[in-house]
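For the sequence shown, the numbering used here gives the first residue as 1, with consecutive numbering after it.
These notes concern the structure reproduced below.
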Amino acid sequence: MHTRNEVLDAILATGGVAAPPERLAKLLAYLRQIPHAALTLVVGDRDPLLVLDPAEDTLGFLFVLVARLRVEDRAGPAAFLLQRATAFARTMDCVQAWLAPEQMRALAVAMSMLADRAGQPAAPILALSAIITRHPEFSAAAARAQDAAGQQHSLTPIHAVLLKHCISARMYRRALPFISRDITVINKSAYGLTYQDFLLYHYYGGIVHAALKNFGRALEFFQLCVSAPAAPGFVSAIQIEAHRKSILVSLLATGAAPPPPLATKPAGGAGSAAAHQGALGGNNPMAK
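Structure representation (structure tokens):
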């Protein structure tokens with residue numbers, strides 16, 4: 001049986017960001033097989049979220065943080081955990097963190113649920129924003145270089161969660177940097193993305209644009225959501241809501257309903273056919 005001291009010692013013994021890849025791989029395999037109960041217990045006064053350095057011990061800190069966020073619902077500890085989550089997002093070693101994309105998704109979802117239970121929709125916005133903007137691929141400098149070179153832009157599972165909270169907190173402008181560049185790549189292997197991530201990103205992005213009266217862009221986002229290919233005979237509830245909102249936005253903007261969307265052939269310039277079809281995993285992303 002694992003004890004908190006054993007887990008903590010294993011994380012500290014890895015060697016932090018200077019650890020060779022094989023040692024990080026061994027730690028990752030170890031952390032993935034540990035029961036959550038072992039990650040949430042605190043032995044004595046050695047709270048791993050205070051002992052571990054999120055910048056050095058990123059993988060271990062991430063696993064412990066996710067486990068704690070998932071079980072905590074008291075106001076005091078919740079505030080502490082959200083504060084540690086923000087510290088993690090601002091200082092983590094990004095390459096090391098994304099070795100466990102399922103944990104990065106779990107972190108975003110757990111922060112979201114904790115904030116919802118606390119009735120504080122704005123609480124995770126800073127942390128979620130930092131996770132995206134600090135990634136080498138999504139930094140401001142990288143974005144400018146990619147735009148200048150005509151390179152592709154990727155989606156992460158953090159995007160939709162961030163947009164959801166910007167909408168809930170009515171902080172629409174905080175979402176703009178994350179929906180101003182068209183998504184053209186869905187890298188499922190690197191980020192653990194799903195079909196729903198694509199739909200929610202464009203659905204929430206459409207809501208943000210509509211709230212800011214960017215009706216043209218709102219229509220593009222809603223139509224990208226509606227026209228995304230799925231399994232034969234399958235239509236997501238998200239797509240149905242996006243279609244309803246696209247009708248409302250079109251009536252507000254032009255006085256007429258939009259034309260029926262064509263699968264994999266969106267109206268407007270947001271995204272690309274690759275983001276719809278090939279990058280989502282072929283003609284049937286729901287089967288992946």
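Each residue gets a CB set at the ideal place from its N, CA and C atoms; glycine is no exception.
Beta bridge counterpart(s) of residue i as assigned by DSSP
{"i": "residue 185", "result": "154"}
Which listed residue (the options) has its alpha carbon closest to that of residue i
{"i": "residue 96", "options": "62, 113 and 120", "result": "62"}
{"i": "residue 94", "options": "82, 137 and 7", "result": "137"}
{"i": "residue 199", "options": "72, 100, 16 and 222", "result": "222"}
{"i": "residue 65", "options": "40, 45 and 46", "result": "40"}
{"i": "residue 116", "options": "92, 169 and 159", "result": "169"}
{"i": "residue 49", "options": "23, 27, 7 and 29", "result": "7"}
{"i": "residue 54", "options": "92, 23 and 28", "result": "92"}
{"i": "residue 99", "options": "181, 25, 255 and 186", "result": "25"}
{"i": "residue 250", "options": "207, 235, 157 and 156", "result": "207"}
{"i": "residue 181", "options": "167, 220 and 190", "result": "220"}
{"i": "residue 188", "options": "256, 28, 46 and 105", "result": "105"}
{"i": "residue 255", "options": "215, 225 and 230", "result": "215"}
{"i": "residue 135", "options": "178, 229 and 228", "result": "178"}
{"i": "residue 213", "options": "252, 197, 103 and 160", "result": "252"}
{"i": "residue 103", "options": "17, 185 and 36", "result": "36"}
{"i": "residue 167", "options": "121, 80, 197 and 244", "result": "121"}
{"i": "residue 227", "options": "243, 217 and 218", "result": "243"}
{"i": "residue 47", "options": "27, 161, 80 and 34", "result": "80"}
{"i": "residue 248", "options": "218, 225, 234 and 20", "result": "218"}
Continuous alpha helix (DSSP H) stretch holding residue i: start and end
{"i": "residue 238", "result": "237-254"}
{"i": "residue 48", "result": "48-51"}
{"i": "residue 116", "result": "101-118"}
{"i": "residue 125", "result": "125-133"}
{"i": "residue 173", "result": "172-175"}
{"i": "residue 34", "result": "Segment: none, residue 34 is in no alpha helix (DSSP H) and carries neither H nor E."}
{"i": "residue 19", "result": "Looking at the DSSP string, residue 19 is not in any alpha helix (DSSP H), and its letter there is neither H nor E."}
{"i": "residue 220", "result": "215-227"}
{"i": "residue 61", "result": "58-71"}
{"i": "residue 93", "result": "Here residue 93 belongs to no alpha helix (DSSP H), and DSSP marks it neither H nor E."}
{"i": "residue 305", "result": "Because the chain is modelled from 1 through 288, residue 305 falls outside the range shown and cannot be assessed."}
Beta carbon of residue i nearer than 7 Å to that of residue j
{"i": "residue 211", "j": "residue 172", "result": "yes"}
{"i": "residue 165", "j": "residue 124", "result": "yes"}
{"i": "residue 291", "j": "residue 114", "result": "For the chain, the structure presents residues 1 to 288; residue 291 sits outside this window and is missing."}
{"i": "residue 163", "j": "residue 175", "result": "yes"}
{"i": "residue 246", "j": "residue 260", "result": "no"}
{"i": "residue 43", "j": "residue 5", "result": "yes"}
{"i": "residue 155", "j": "residue 132", "result": "no"}
{"i": "residue 191", "j": "residue 157", "result": "yes"}
* Would you be able to state if there are at least three C-beta pairs under 8 Å between the stretch 127-135 and the stretch 58-74? => no
* Segment contact, 8 Å Cβ cut-off, at least three pairs: the stretch 83-91 with the stretch 8-26 -> no
* To do: Would you check if the stretch 238-245 and the stretch 193-203 touch, i.e. whether three or more CB-CB distances between them fall below 8 Å?
  => yes
* **Cβ pair count under 8 Å reaching 3, the stretch 100-112 against the stretch 65-74** => yes
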